[in-house]
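Residue numbers (the working numbering): 28 to 151.
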C-alpha cells in the first residue's frame, strides 16, 4: 500500500507542486491544508504516514503545527518546507519535532530523498 502524505502550505501552487512530485512517485496524497490549524485537524482525521509542512503560514505557523501534531502523535513524521533557510528556523523546526527540512525552491530529488529517509527511519 502506498504511503499517505498530508501536504501543508498556504500557497496553493506549492501544494500542487509537491502533490505532483509525490503522486508521480507512488505516494498517496490524502489531504492538503493551508495552515497549521487545518493541518492538525486533518492529521487527527487522516493519520497520514508523513506530513510536509511550510513554516510561514497564517492562523497557525508550521512550528506551532508541528508541536500540536506531535502533542497528539509523538511519532508523527513531519518534514518542514520553507523558503527561509535560516539556521535558527531549521533548529527550531527540528527541536519542535520535525524529522527533516527542505529549503524552497526545492528540487524534486531532494523532496523524494527526504521523504524516503524519514519513512525508512520510521519503519526501523
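Yeah, the Cβ is synthetic: ideal placement off N, Cα and C, and Gly gets one too.
Compute the distance between the beta-carbons of residue 82 and residue 116, then report whether it is under 9 Å. yes
What residues are listed by DSSP as bridge partners for residue 5? Outside the shown range of the chain (28 to 151) lies residue 5, about which nothing can therefore be said.
What is the residue span of the beta strand (DSSP E) that residue 28 lies within? Per DSSP, residue 28 belongs to no beta strand (DSSP E) and is neither H nor E.
Using the rule of at least 16 other Cβ atoms within 10 Å of the residue's Cβ for burial, across every protein chain shown, is residue 150 buried or exposed? So residue 150 ends up on the exposed side.
Would you call the CB atoms of residue 92 and residue 135 closer than 9 Å? no
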